[in-house]
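407 is the number that my numbering gives to position 407 of the sequence shown; each next residue is one higher, with no gaps.
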Amino acid sequence: MDLIFHGGASEVGRSCIELRTDKGNKYLFDVGIKFKPGGLLFPENVRDIKEFDGVFLSHAHLDHSGGLPLFEHRNLEGPIFCTRQTFGITKILLKDSFKIHRIKNFHVAYNNTDLKKVRDDTRLVSFDKWYRHKDLRFKYLNAGHIPGSAMILVEVENKRLLYTADFNTKKTPLMFNTVMSNERKNVDVLITESTYGYRDLPDRPDLIKKFLKKIKETLDRGGSVLIPVFALGRAQETLILLNELDSDVPIYLDGMAKQITRKILANKSKFVDNKEILRKMFYERVKWVSSERKRKHALKKQGIYVSTSGMLQGGPVLNYLKELWHNEKNLVCLMGFQAKNSNGRHLLEEGYVYLDGWKTEVKCEVEKFDFSGHVGREDLQKYVTEINPKHVIFQHGDEESVNALKDWAEQNLDAKVYVPRINDKYSL
Ligand SMILES: [Zn+2]
Numbered sequence: 001m002d003l004i005f006h007g008g009a010s011e012v013g014r015s016c017i018e019l020r021t022d023k024g025n026k027y028l029f030d031v032g033i034k035f036k037p038g039g040l041l042f043p044e045n046v047r048d049i050k051e052f053d054g055v056f057l058s059h060a061h062l063d064h065s066g067g068l069p070l071f072e073h074r075n076l077e078g079p080i081f082c083t084r085q086t087f088g089i090t091k092i093l094l095k096d097s098f099k100i101h102r103i104k105n106f107h108v109a110y111n112n113t114d115l116k117k118v119r120d121d122t123r124l125v126s127f128d129k130w131y132r133h134k135d136l137r138f139k140y141l142n143a144g145h146i147p148g149s150a151m152i153l154v155e156v157e158n159k160r161l162l163y164t165a166d167f168n169t170k171k172t173p174l175m176f177n178t179v180m181s182n183e184r185k186n187v188d189v190l191i192t193e194s195t196y197g198y199r200d201l202p203d204r205p206d207l208i209k210k211f212l213k214k215i216k217e218t219l220d221r222g223g224s225v226l227i228p229v230f231a232l233g234r235a236q237e238t239l240i241l242l243n244e245l246d247s248d249v250p251i252y253l254d255g256m257a258k259q260i261t262r263k264i265l266a267n268k269s270k271f272v273d274n275k276e277i278l279r280k281m282f283y284e285r286v287k288w289v290s291s292e293r294k295r296k297h298a299l300k301k302q303g304i305y306v307s308t309s310g311m312l313q314g315g316p317v318l319n320y321l322k323e324l325w326h327n328e329k330n331l332v333c334l335m336g337f338q339a340k341n342s343n344g345r346h347l348l349e350e351g352y353v354y355l356d357g358w359k360t361e362v363k364c365e366v367e368k369f370d371f372s373g374h375v376g377r378e379d380l381q382k383y384v385t386e387i388n389p390k391h392v393i394f395q396h397g398d399e400e401s402v403n404a405l406k407d408w409a410e411q412n413l414d415a416k417v418y419v420p421r422i423n424d425k426y427s428l
């Protein structure tokens, strides 16, 4: 069998790996997109695929799911396997991304009907259960990254392959972590994410304490707090954390996080933790905002504003920032990774953002808290060592990350180590 890397090799974004078996069957692990200034990138060369036999979708994030409608557009038939929670959230994200790209006049390469076809072709799978499909067997395992997220274990041609996708070995207030299991040990092929291959992540309990303390300080000096969040994962964890805050200042929730939170609460996943707190926060404590009029009203007095998007690239968060940036008493809490050239990164490193096209020097306080749904370097190395694979493939990380992991693995593991480039083929 061969593995062909259409995306996500030495980059974060547009994850897509093809598994081509000796019988000629073609399977894909994820079909993501990558955002670039002014447009979108799809996985390379998937347009050449004339037919395929199935997609294993690991989780709903668009860098893993965003390219699915492209296949439907070309009338390629093949089941898309995913968990129920991933399905529910992916539908919302795809629809929203389609809407946004049309507004921005990006070339999206598919249409509204294709979104419906994605829904029709989806086959739901349960966690921890073997399924047979054509010439392979597969099983979905909790990845601990976001609600619905999975690692995919495949048995094919007498070999065992584990695709981790994005994962976390540490528990967070929202997610139960992934665990080690016997069937994951000694796999023939391990394909792992490498997002934090070059550095460790801060200890979460400490980080949570610092986060709550900083908010409290801001409120005590009379300031408001703006928390830009990603709609899926970070938004829900933030609400759970704010439950611990000792304050009566109103908390407002704006943007797509509302829809996603409702979906997460409607699902009975056993891997999502603190659902009752989340339910209480979402339906009782937090005030929902969805119009300009309500936003203006919310901003009249001191408040805590939780809003998308997480990197200040768009969404209602910018409407709040426009009102809050000039007061030194206020605080902006960035909650995680800020991509190069994003407004969030500019703010963090150079102290400015673009508001309505104007470069604006932000006067309020800005603090970054490194909350992450990914595994940090040390835990990743531990996890890979425990699995003890015959082949290990590091992808879904920038050059610095994948190369750091390659060096480490070559010195410490008994495995063949491989770092793919886009379009590379790895034969097994
Ligand atoms: Zn992800």
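Glycine included, each C-beta is placed from N, C-alpha and C at the ideal position.
Predicted model, so just to flag it, every value in this text is computed and none were measured.
Is it true that the segment 206-225 meets the segment 386-400, where meeting means three or more beta-carbon pairs spaced less than 8 Å apart?
Segments in contact, no.
For A165 and T192, the rounded distance between their alpha carbons:
As a first step, residue 192 is located in the sequence shown; it is residue number 192 there, counting from the start. As a first step, residue 165 is located in the sequence shown; it is residue number 165 there, counting from the start. The straight-line gap from Cα to Cα measures roughly 6 Å.
Which value, in whole angstroms, describes the spacing of the CA atoms of N158 and F394?
-> As a working mapping, residue 158 is identified with position 158 in the sequence shown. As a working mapping, residue 394 is identified with position 394 in the sequence shown. Their Cα atoms are separated by approximately 22 Å.
**Study point:** Cα-Cα separation, H14 to K216
**Key:** Taking the first residue of the sequence shown as 1, we reach residue 14 at position 14. Taking the first residue of the sequence shown as 1, we reach residue 216 at position 216. Checking the sequence, you will find Arg at residue 14 rather than His. Distance between the alpha carbons of R14 and K216 is about 39 Å.
Point to revise | Length-filtered (4 minimum) alpha helix (DSSP H) runs lying within the segment 236-300 | key: Segments of the alpha helix (DSSP H) lying fully in the segment 236-300: 257-266, 275-280, 292-298.
**Prompt:** If N274 and I240 are in contact, beta carbons under 8 Å, what's the gap, nearest whole angstrom?
**Reply:** Your numbering for residue 274 matches position 274 in the sequence shown. Your numbering for residue 240 matches position 240 in the sequence shown. Confirmed, about 5 Å.
Cα-Cα separation, Y320 to L41: Taking the first residue of the sequence shown as 1, we reach residue 320 at position 320. Taking the first residue of the sequence shown as 1, we reach residue 41 at position 41. One C-alpha to the other measures close to 30 Å.
Check: To the nearest angstrom, how far is it from the Cα of T238 to the Cα of L57?
Finding: Here the question's residue 238 lines up with position 238 in the sequence shown. Here the question's residue 57 lines up with position 57 in the sequence shown. Their backbone Cα atoms lie some 26 Å apart in a straight line.
Just the C-alpha distance for L334 and L136, rounded to the nearest angstrom, thanks. Working through the sequence shown from its first residue, we reach residue 334 at position 334. Working through the sequence shown from its first residue, we reach residue 136 at position 136. About 43 Å.
Within a Cβ cutoff of 6 Å, which residues of the same chain sit near F230, ignoring the five residues on either side of it in sequence? Position 230 of the sequence shown, counting from 1, holds the residue named residue 230. Within the same chain, G310 come within 6 Å of F230 by CB-CB distance, once the 5 residues on both sides are set aside.
query: When the distance is taken between beta carbons, is Y163 closer than 8 Å to F29?
result: Residue numbering aside, residue 29 sits at position 29 when the sequence shown is read from its first letter. Residue numbering aside, residue 163 sits at position 163 when the sequence shown is read from its first letter. Taking 8 Å as the cut-off, the beta carbon of F29 is found closer than this to the beta carbon of Y163.
Practice prompt. Report the residue from V46, T308, N25, P250 whose alpha carbon sits nearest the alpha carbon of I260.
Written response: Locating residue 260 in the sequence shown gives position 260, where the first residue counts as 1. Ranking the options by Cα distance to I260, first place goes to T308.
inquiry  = Just to confirm my understanding: we take K85, look at its own chain, exclude 5 residues before and 5 after, and list those with CB closer than 6 Å. What are they?
reply    = Sequence index remark: in the sequence shown, residue 85 carries index 85 (1-based). Reading off the sequence shown, one finds Gln at residue 85, where the question assumed Lys. Taken in chain order, the residues that qualify are P147, G148, N267, S269.
Quick check: is any heavy atom of ligand 1 less than 7 Å from the C-beta of H326? On the sequence shown, position 326 is the one that residue 326 refers to. Every heavy atom of ligand 1 is 7 Å or more from the Cβ of H326, so no.
**Asked** In this structure, does DSSP put R137 in helix, strand or coil?
**Response** By one-based count along the sequence shown, residue 137 stands at place 137. In this structure, DSSP gives R137 an extended state, which the three-state scheme calls strand.
How many angstroms separate the CA atom of L115 from the CA atom of N403?
-> As a first step, residue 115 must be located in the sequence shown, where it is residue number 115. As a first step, residue 403 must be located in the sequence shown, where it is residue number 403. Spanning the two alpha carbons is a distance of roughly 37 Å.
Hey, how far is the Cα of S97 from the Cα of P389? Sequence index remark: in the sequence shown, residue 97 carries index 97 (1-based). Sequence index remark: in the sequence shown, residue 389 carries index 389 (1-based). When rounded, the distance between both Cα atoms is 37 Å.
Check your understanding: If you drop the 5 nearest sequence neighbours on each side, which residues of the same chain put their C-beta closer than 6 Å to that of Y305?
Key -> Along the sequence shown, one-based indexing puts residue 305 at 305. The beta carbon of Y305 is closer than 6 Å to those of L226, Y252, Y320 in its chain, skipping five residues each way along the sequence.
- Query: Near P205, what residues of its chain come up, given a Cβ to Cβ distance below 6 Å and the 5 sequence neighbours on each side ignored?
  - Reply: Residue mapping note: residue 205 aligns to position 205 of the sequence shown, counting from 1. Same-chain partners within the cutoff: there are none.
* Nearest neighbour of H374, chosen from I49, A298, R234, K416 [CA to CA] -> As a first step, residue 374 is located in the sequence shown; it is residue number 374 there, counting from the start. For H374, the nearest C-alpha among the options comes from R234.
**Request:** Please state whether DSSP places P228 in a helix, a strand or coil.
**Result:** For the purposes of this step, residue 228 is taken as residue 228 along the sequence shown, with counting starting at 1. Strand at P228.
Between the Cα of V55 and those of D63, P79, R74, H73, spot the shortest distance and give me the residue it belongs to. Taking the first residue of the sequence shown as 1, we reach residue 55 at position 55. Looking at the Cα atoms, P79 is the closest of the given residues.
I146: beta carbon under 7 Å from a heavy atom of ligand 1? Here the question's residue 146 lines up with position 146 in the sequence shown. Checking every heavy atom of ligand 1 against the Cβ of I146, one is found closer than 7 Å.
**OP:** Enumerate, from N- to C-terminal direction, the unbroken beta strand (DSSP E) stretches of 3 or more residues contained entirely within the segment 160-237.
**Re:** Here the runs fully enclosed are 189-193, 225-228.
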